[in-house]
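A.B. asks: Residue numbers (this note's numbering): 828 to 902. Below is a structure I'd like to ask you about.
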């Protein structure tokens with residue numbers, strides 16, 4: 828199964844943050860939540876408050892999303 832996660836990231840000063848989209852492959856939603864919490868720069872690693880959205884997506888959306896992120900990183 829494939830998921831789209833919007834996660835609150837930080838290290839921008841006290842109370843400041845930004846949201847980042849990750850496309851994650853996982854067996855079930857709980858394993859994906861645990862994995863998303865441990866990504867670098869995620870705020871509040873000891874709670875689920877940093878996970879703003881977890882949505883199941885198709886394989887095509889997963890591939891398209893990961894390609895867009897890779898392309899944006901190159902530019």
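Cβ atoms here follow ideal geometry from the backbone N, Cα and C, with glycine treated the same way.
Give a yes or no on contact between the region 830-837 and the region 879-886, applying the rule of three or more CB pairs nearer than 8 Å.
C.D. replies: yes
A.B. asks: Indicate the three-state DSSP secondary structure (helix, strand or coil) for residue 870 in the structure shown.
C.D. replies: coil
A.B. asks: Mapping the DSSP letters down to three states, classify residue 841 as helix, strand or coil.
C.D. replies: Here residue 841 sits in coil by DSSP.
A.B. asks: Among residues of its own chain, excluding the 5 on either side of residue 846, which ones have a beta-carbon nearer than 8 Å to its beta-carbon?
C.D. replies: Within the same chain, Cβ atoms closer than 8 Å to the Cβ of residue 846 are found at 833, 834, 835, 836, 879, the five residues on either side in sequence being excluded.
A.B. asks: Below 8 Å on the Cβ atoms is my guess for residue 861 versus residue 829; work out the distance and round it to an integer in Å.
C.D. replies: With a Cβ gap of about 16 Å, residue 861 and residue 829 do not count as contacting.
A.B. asks: Taking all protein chains shown into account, do 16 or more other C-beta atoms lie within 10 angstroms of the C-beta of residue 863, making it buried, or fewer, making it exposed?
C.D. replies: With 16 or more other Cβ atoms within 10 Å, it is buried.
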